[in-house]
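Numbered according to our numbering, the sequence shown spans residues 37 to 354. Down below is the structure, laid out as structure tokens.
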Amino acid sequence: MREMQSNLPPRVENKKARDKVMTAKEAVSRFVRDGDMMLSGLQHSSVALVHEIARQGMTDLTLLLDSDSGLTAPLLGLGRVKKIITAYCGGGNAGNNYVFRRAAEQKIPREVEMEFYSNYGIALMALAGSMNVPFLPTRSMIGSSIAEQNPRIRVIDDPYGGGTPVALVPAARPDVCIIHVHRADKLGNLQFFGHFGNTDIFVRSAKYVIASCEELVTTDEIRRTPNQTIIPQYNVDAVVEAPFGAHWFASNYYYHNDFPFGAYTLEKWRTEEGFREWCDKYIFGVEDWDGYCRTVGYERLWKLYHAEKRFLAYGEVR
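Here's what the structure looks like:
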């Protein structure tokens, strides 16, 4: 893998209208490099792409995350991460993220530098990067231990004489952003149904963007509902079709959160041995995302789909 990295051609930013559909293997090998700063978020997390990055062995990554409920734990537990910039790393409602705890408390499998902000602070960092300004001001984090313990948060007096201090957060300009969306066309127009969090800001702050999607549809279908195209093609470098690509997390209007599988996963991660066994089965023991879905079981995944459809439908599009 190290030889593969050294022999890869230089990345070329080309977001023009063209066919951007490729496999996860192609997208990751083309746009992710050792030492990259990689951005992802709590909303619309691409588990499929994280697993492919783990398989290809990219290392010394810096992860920029607003909140992470286990998405990037495989990279962290495999020793591929050198720094985390985040507001939260845990297991969410599925349990305790022992992979993160081992890294933070015991430096296992390696020492990882950690830099904390509030969720709003992370969003402002990405927003500043998307605006090409060096920082943005906020009152978030002032008076908290976050601002006290993070020297990159600069607290200054209001330069316009308002009498109240403001905190400055630095702009983030990640090398690559990975996201998971509901629908996409081959040009890279990305659609969301419902809440999309900070995903649009994250995308616009990154140099390269890889999007996995539940459905690949025609451009004519995308044009039927232009209001749902939150991210246009000129922000996107690669599109990867990956049904159920957010599992065990939910994809709104497509499938429900697989809470039992999440709890099982976090319990396996309680020990290093269990974590390795899980990775060997679900990441390294399969060739691609379809292999993961077959290992989990498509019958199980379709039950999550039908559970979501029972309670949620999205207008005429669904």
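Glycine included, every Cβ here is placed at the ideal spot set by N, Cα and C.
Review point. Among V239, F136, K222 and H216, which has the Cα closest to the Cα of A109?
Key: Checked all of V239, F136, K222 and H216; the closest Cα to A109 is F136.
Practice item. From the DSSP output, read off the bridge partner residues of K345. Key: According to DSSP, which records beta bridges pairwise, K345 is partnered with nothing at all.
Review point. Where do the ends of the beta strand (DSSP E) carrying A203 lie?
Key: P201 to P206 is the span of the beta strand (DSSP E), which, as asked, contains A203.
Review point. Any beta-carbon of chain D closer than 8 Å to the one on L97?
Key: Considering every chain present, this structure includes no chain D. It has just one protein chain.
Exercise for review: Please go through the same chain and pick out, in chain order, the residues whose beta-carbon is closer than 6 Å to the beta-carbon of I144, but skip the five residues on each side of it.
Suggested key: Close CB contacts of I144 within its chain, under the 6 Å cut and outside five residues either way in sequence, are with R138 (chain order).
Review point. If we ignore side chains and look at the alpha-carbon of each, how far apart do N293 and A207 end up?
Key: Taking the straight line joining both Cα atoms gives about 32 Å.
Exercise for review: Pick helix, strand or coil for V353, following the three-state DSSP scheme.
Suggested key: Interpretation of V353 is limited by its pLDDT of 46, a score under 50 that renders its predicted location unreliable; no figure is taken from the coordinates.
Review point. Using DSSP with H/G/I as helix, E/B as strand and the rest coil, what is L297?
Key: Looking at the sequence provided, one finds Phe at residue 297 rather than Leu. Three-state DSSP puts F297 in a helix.
Check your understanding: Where are the beta strand (DSSP E) runs, 3 residues long or more, that stay fully inside the region 191–256, in chain order?
Key -> Runs found: 201–206, 212–220 and 244–252.
Review point. Going by DSSP, what residues sit across from C125 in a beta bridge?
Key: DSSP, once it has assigned bridges, lists D104 as partnering C125.
Check your understanding: If you drop the 5 nearest sequence neighbours on each side, which residues of the same chain put their C-beta closer than 8 Å to that of F67?
Key -> If we look at F67 and ignore the five residues flanking it on each side, its Cβ neighbours are R47, V212, Y244, I246, D273 and A274.
**Study point:** Three-state class that DSSP yields for S154 in the structure shown
**Key:** DSSP places S154 in coil when its eight states are reduced to three.
**Study point:** Buried versus exposed call for F347 [16 or more other C-beta atoms within 10 Å across all chains shown]
**Key:** F347 is exposed by the Cβ-count criterion.
Check your understanding: How should N168 be labelled, buried or exposed, when 16 other C-beta atoms within 10 angstroms of its C-beta is the threshold for buried?
Key -> So N168 ends up on the exposed side.
Exercise for review: Would you check if there are 3 or more beta carbon pairs closer than 8 Å linking the region 276–283 to the region 260–268?
Suggested key: No, because fewer than three Cβ pairs between the region 276–283 and the region 260–268 fall closer than 8 Å, the two stretches do not touch.
Point to revise | Nonlocal neighbours in the same chain, by C-beta distance under 7 Å from G127, ignoring five residues either side | key: So the qualifying residues of the chain are S105, G106, N133 and L302.
**Study point:** N- and C-terminal bounds of the alpha helix (DSSP H) containing L111
**Key:** Here the alpha helix (DSSP H) through L111 covers A109 to G113.
Point to revise | Boundaries of the beta strand (DSSP E) in which A282 is found, first to last residue | key: Careful: A282 lies outside any beta strand (DSSP E) and carries neither H nor E.
Practice item. Find out if the Cβ-Cβ distance for the pair D201, I182 is shorter than 8 Å. Key: Checking the sequence, you will find Pro at residue 201 rather than Asp. No, Cβ-Cβ distance for P201 and I182 is not below 8 Å.
Point to revise | Own chain residues within Cβ distance below 6 Å of A343, not counting five before or after | key: The residues are H292.
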